[in-house]
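*Asks:*
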Ligand code: FAD
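Residue numbers (mature numbering (1 follows the signal peptide of the UniProt record, and there is no 0)): -18 to -1, 1 to 483.
(1) Assign residue 23 to one of three DSSP states: helix, strand, or coil.
(2) Assess contact between the segment 179 to 190 and the segment 265 to 272, defined as three or more Cβ pairs (one per stretch) separated by less than 8 Å. Is contact present?
(3) For residue 271, name the three-state secondary structure that DSSP assigns.
(4) Is residue 263 helix, strand or coil by DSSP?
(5) Can you find at least 3 beta carbon pairs, one from the segment 289 to 308 and one from the segment 248 to 264, that sit closer than 8 Å?
(6) For the beta strand (DSSP E) holding residue 498, just list the boundary residues, first then last.
(7) Could you round the C-beta distance between residue 104 and residue 90 to whole angstroms and report it? I think they count as a contact, below 8 Å.
(8) Put residue 109 into one of helix, strand or coil per three-state DSSP.
(9) If you reduce the DSSP assignment to three classes, tell me which class residue 178 lands in.
(10) Quick check: the Cα distance between residue 57 and residue 32, rounded to an integer number of angstroms?
(11) Between residue 96 and the ligand FAD, is there a pair consisting of the residue's CB and a ligand heavy atom that are separated by less than 8 Å?
(12) Skipping 5 residues on each side, what residues in its chain have a beta carbon closer than 7 Å to that of residue 299?
(13) What's the gap between the Cα of residue 135 and the Cα of residue 177?
(14) For residue 65, report the span of its alpha helix (DSSP H) as first-last.
(15) Take residue 65 as the anchor and find which of 109, 347, 307, 227 has the nearest alpha-carbon.
(16) Is DSSP giving residue 397 helix, strand or coil here?
(17) Go to residue 503, then tell me how far its alpha helix (DSSP H) extends in each direction, as first and last residue.
(18) With DSSP as the reference, label residue 152 as helix, strand or coil.
(19) Are the beta-carbon atoms of residue 67 and residue 51 separated by less than 9 Å?
(20) Apart from the five residues just before and just after residue 44, which ones in its own chain have a Cβ nearer than 6 Å to its Cβ?
(21) Ignoring anything shorter than 4 residues, give me the alpha helix (DSSP H) runs that lie fully in the segment 91 to 141, in order along the chain.
(22) Determine the DSSP secondary structure at residue 369, reduced to helix, strand or coil.
(23) Beta carbon of residue 27: closer than 8 Å to some heavy atom of the ligand FAD?
(24) Could you give the distance in angstroms between the alpha-carbon of residue 320 and the alpha-carbon of residue 348?
(25) Nearest CA to the CA of residue 216: which residue from 308, 28, 389, 362?
(26) Run through DSSP, which three-state label would residue 29 get?
(27) Hey, would you say residue 84 sits closer than 9 Å to residue 37, going by beta carbons?
(28) Any heavy atom of the ligand FAD closer than 8 Å to the CB of residue 413?
(29) Excluding the five sequence neighbours on either side, which residues of its own chain have a C-beta within less than 7 Å of the C-beta of residue 42, listed in chain order?
(30) Within the present structure, is the beta-carbon of residue 366 separated from the nearest heavy atom of the ligand FAD by less than 8 Å?
(31) Residues in its own chain within less than 6 Å of residue 101 by CB, not counting five upstream and five downstream?
(32) So, helix, strand or coil for residue 296, using DSSP?
(33) Could you give the first and the last residue of the continuous alpha helix (DSSP H) run that contains residue 234?
(34) Whole angstroms is fine: what's the gap from residue 234's alpha carbon to residue 242's?
(35) Under the criterion of a Cβ to heavy atom distance below 8 Å, does residue 274 qualify as lining the ligand FAD?
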């Protein structure tokens, strides 16, 4: 090495050391990294060439904003707090308006993202785009769906731009839960696609309640828990919940020897608390389809109903009595709302003949839910305890299923049960799943011939599964699939029986 190189090298080294310890460079680092302060945590989701497609494909959000920036660009650094102000409204578990818009960013100065950024013909930094999330995966093909946000210089202007797109009136200072976008912009048919997330949320919340209440207290509650988990392992519409349920089943003897469970989350591998039923990302802490316009309405109990209906339409004839028993016992033992539990148990006990047909069980659950609706219609009217934006109704209303009605007047409805069954099978079955998959409403309201998409996998925003892990999951999925098949065969061969009699 010549002396010129040596001098240059030493000079460079001292510059690096000096700059790395200077307050200026530290503050730039802090700006970019978010400073490490939990309160100031970045809400926009960092995307890169590895996770871009999967995050945008799997997000439940209806719209996405993607900011392309470069970490060396001073204007981008200055813009970041503005962007974050909007992102905190929409992203993360504390979001004020969760689930509708996903706010993301891509650092185009990272070599690994060059190809990704090239796909979007970036002309300046920061450059913002708007569109349905899945359309970003092939931007050239979906040019007309992806818009450049041309007026997002400040947080206020960006939010105004978004408000204009979706007809909302969000403000940067919004604090309360509001539900206006769900009510005004979506039909019930569009909303049900979001119920996939609520079904996972309610499953995980129910499981968390069982853990916190240490609710498996006797051989009866233990048996009831196992029955319900068996039902979930075979028929939950989310693959990760089926997988989680199957893992609990396989390990149950170690987790709850003689019905005595260990619940601690850090209680070692033999603790129920270490088996999150739908994976560690759920519960997320909010509901979408079941989101009330007030903080204390809807949510969990709505999610439970949707879970039960979605299970009921997936079972076969030979499993109908088992599913009925599993759900009745589950509510009786683990649903902490006393009034709900008692009323529901009465309705379970009033069934005198074991179910032989899945159709009968689907219709029983539907009419039982309607009996609850009918009772609550009166209670909520007199006590004003209901959700003003989601009044109880006898369901489905005519505009959701005209053919379900043979006739109706003020006092009574005559249902066409064949049509109701067809409607429920479709609404809580393929419709729910296919709507989730396509993120759009397809076909007419009463379309019934949509191919079943049995193997739904619901992923979270920032989940990236390495190939090794994906293989492991695939292998595990096969194992629990076989287990579920075995269990289903067993169920079909079993004689129906009521456990609580
Ligand atoms: P929910 O009644 O929760 O319904 C959720 C969604 O299911 C609706 O938005 C609609 O899309 C769909 N739906 C509505 N009716 C039907 C139907 N008949 N068939 C299929 N789908 C339908 N609360 C009480 O105050 N007292 C009780 O005794 C009581 N018992 C309950 C028993 C159970 C098993 C459960 C799960 C809940 C119970 N609740 C009770 C809570 C109550 O039923 C509602 O869940 C809660 O008031 C929230 O109502 P919601 O407007 O979100 O609609």
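Glycine residues also receive a C-beta, built at the ideal position from the N, C-alpha and C atoms.
*Replies:* Checking against the coordinates, here is how it stands:
(1) The residue labelled residue 23 in the question sits at position 41 within the chain shown. Reduced to three states, the DSSP call for residue 23 is coil.
(2) Yes, the segment 179 to 190 is in contact with the segment 265 to 272.
(3) In the chain shown, residue 271 corresponds to position 289, counting from 1. The three-state reading of DSSP puts residue 271 in coil, since its state is none of H, G, I, E or B.
(4) Counted from its first residue, the chain shown places residue 263 at position 281. Three-state DSSP puts residue 263 in coil, outside helix and strand.
(5) Look at the beta carbons and you see the segment 289 to 308 not touching the segment 248 to 264: under three pairs across the two are nearer than 8 Å.
(6) Lying before the first or after the last residue shown, residue 498 is absent from the chain, which here runs from -18 to 483.
(7) Counted from its first residue, the chain shown places residue 104 at position 122. Counted from its first residue, the chain shown places residue 90 at position 108. Residue 104 to residue 90, Cβ: 6 Å. Contact.
(8) On the chain shown, position 127 is the one that residue 109 refers to. Strand at residue 109.
(9) Sequence index remark: in the chain shown, residue 178 carries index 196 (1-based). Residue state, collapsed to three classes: helix.
(10) By one-based count along the chain shown, residue 57 stands at place 75. By one-based count along the chain shown, residue 32 stands at place 50. Going by the C-alpha atoms only, they are around 26 Å apart.
(11) Sequence index remark: in the chain shown, residue 96 carries index 114 (1-based). At a cut-off of 8 Å, the beta-carbon of residue 96 does not count as near the ligand FAD: no heavy atom of the ligand is closer than that.
(12) Within the chain shown, numbered from 1, the residue matching residue 299 stands at position 317. Within the same chain, residue 299 has close Cβ partners 338, 339, 340.
(13) Along the chain shown, read from residue 1 onward, the residue named residue 135 stands at position 153. Along the chain shown, read from residue 1 onward, the residue named residue 177 stands at position 195. If you draw a straight line from the Cα of residue 135 to the Cα of residue 177, it comes to about 35 Å.
(14) Position 83 of the chain shown, counted from the start, is the residue given in the question as residue 65. Element bounds for residue 65: 56 to 72.
(15) Against the chain shown, residue 65 aligns to sequence position 83. In this structure, 109 is the residue among 109, 347, 307, 227 with its C-alpha nearest to the C-alpha of residue 65.
(16) Along the chain shown, one-based indexing puts residue 397 at 415. Note: residue 397 maps to strand in three-state DSSP.
(17) There is simply no residue 503 to check, as the chain begins at -18 and stops at 483 in what is shown.
(18) Locating residue 152 in the chain shown gives position 170, counting from the first residue. Coil, per DSSP.
(19) As a first step, residue 67 is located in the chain shown; it is residue number 85 there, counting from the start. As a first step, residue 51 is located in the chain shown; it is residue number 69 there, counting from the start. Going by C-beta atoms, residue 67 is not nearer than 9 Å to residue 51.
(20) The sequence position of residue 44 within the chain shown is 62, counting from 1. Around residue 44: 82.
(21) With a minimum length of 4 residues, the continuous alpha helix (DSSP H) runs that stay inside the segment 91 to 141 are 96 to 100.
(22) As a first step, residue 369 must be located in the chain shown, where it is residue number 387. Three-state result, residue 369: coil.
(23) Within the chain shown, residue 27 is the residue found at index 45, counting from 1. False, no ligand heavy atom lies under 8 Å from that Cβ.
(24) Position 338 of the chain shown, counted from the start, is the residue given in the question as residue 320. Position 366 of the chain shown, counted from the start, is the residue given in the question as residue 348. Note on geometry: alpha-carbon atoms of residue 320 and residue 348 lie some 21 Å from one another.
(25) Locating residue 216 in the chain shown gives position 234, counting from the first residue. Minimum Cα distance to residue 216 is reached at 308.
(26) Translated into the one-based positions of the chain shown, residue 29 becomes position 47. DSSP places residue 29 in strand when its eight states are reduced to three.
(27) As a position in the chain shown, residue 84 is number 102, starting the count at 1. As a position in the chain shown, residue 37 is number 55, starting the count at 1. Yes, Cβ-Cβ distance for residue 84 and residue 37 is below 9 Å.
(28) Looking up residue 413 in the chain shown gives position 431. Not under cutoff, so the answer is no.
(29) Within the chain shown, the letter at position 60 stands for residue 42. So the qualifying residues of the chain are 81, 176, 179, 270.
(30) Reading the chain shown from its first residue, position 384 is the one you call residue 366. Taking 8 Å as the cut-off, one finds no heavy atom of the ligand FAD near enough to the beta carbon of residue 366.
(31) The residue given as residue 101 occupies position 119 in the chain shown. Apart from sequence neighbours up to five positions away, the residues of its chain that approach residue 101 with a beta-carbon distance below 6 Å are 121, ordered along the chain.
(32) As a first step, residue 296 must be located in the chain shown, where it is residue number 314. Three-state DSSP puts residue 296 in coil, outside helix and strand.
(33) Here residue 234 corresponds to residue number 252 of the chain shown, with the count starting at 1. Element bounds for residue 234: 221 to 237.
(34) Taking the chain shown and counting its residues from 1, one reaches residue 234 at position 252. Taking the chain shown and counting its residues from 1, one reaches residue 242 at position 260. The alpha-carbon of residue 234 is positioned some 10 Å away from that of residue 242.
(35) Residue 274 sits at position 292 when you count from the first residue of the chain shown. Relative to the ligand FAD, the nearest heavy atom lies less than 8 Å away from the CB of residue 274.
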